[in-house]
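Participant:
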Amino acid sequence: MNQPYQVGAGNSQIILNVTVSTVGVAYSVFSVMKNLQSLGIEGESKPRSGNIENAMLGYTDKLRGTVITIRILINFSHLNAAQRENKSLKFR
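So the number in the working numbering is just where the residue sits in the sequence shown, counting from 1, plus 1253.
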């Protein structure tokens, strides 16, 4: 679901943080788009964690009406069937 990014009247700095808590191996990417065109503001997570820390997106005046897309891929293939079914291991 896409919704335009809503910002106030000020000109504040916008920083993105994504925290992924999983027993899987995660990878995250983000991009900022306006009118289906990338604004060149893109980034990705650190290896394995999927976390994105303090990614500077810009200021509200430039982000008004944009769409921020975050995609997260989680790989559970390193776990055996018993580990995947163990509820205590699921999403920390």
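Virtual Cβ for every residue (Gly too), placed ideally from N, Cα, C.
Hey, could you find the ends of the beta strand (DSSP E) Leu1310 is sitting in?
Facilitator: Its beta strand (DSSP E) spans residues Ile1305 to Tyr1312.
Participant: If you follow the beta strand (DSSP E) that Arg1324 is in, where does it begin and where does it stop?
Facilitator: Residues Val1320 to Asn1328.
Participant: Who are the near neighbours of Glu1297 in its chain, counting only those whose CB is closer than 6 Å to its CB and skipping five residues on each side?
Facilitator: The answer, listed in chain order, is Val1282.
Participant: Between which residues of its own chain and Leu1326 is the CB-CB distance below 6 Å, once the five residues before and five after are set aside?
Facilitator: Excluding residues within five positions, the ones whose Cβ falls inside 6 Å are Tyr1280.
Participant: Assuming Gln1266 and Tyr1312 form a contact by the criterion Cβ under 8 Å, report the distance between their Cβ atoms to the nearest whole angstrom.
Facilitator: Contact holds; Cβ gap of about 6 Å.
Participant: Which of the three DSSP states is assigned to Gln1266 in this structure?
Facilitator: Strand.
Participant: Below 8 Å on the Cβ atoms is my contact criterion, and I expect Ile1305 with Val1271 to pass it. Report the Cβ-Cβ distance as a whole number of Å.
Facilitator: With 8 Å as the limit, Ile1305 and Val1271 qualify as a contact, their Cβ atoms being about 4 Å apart.
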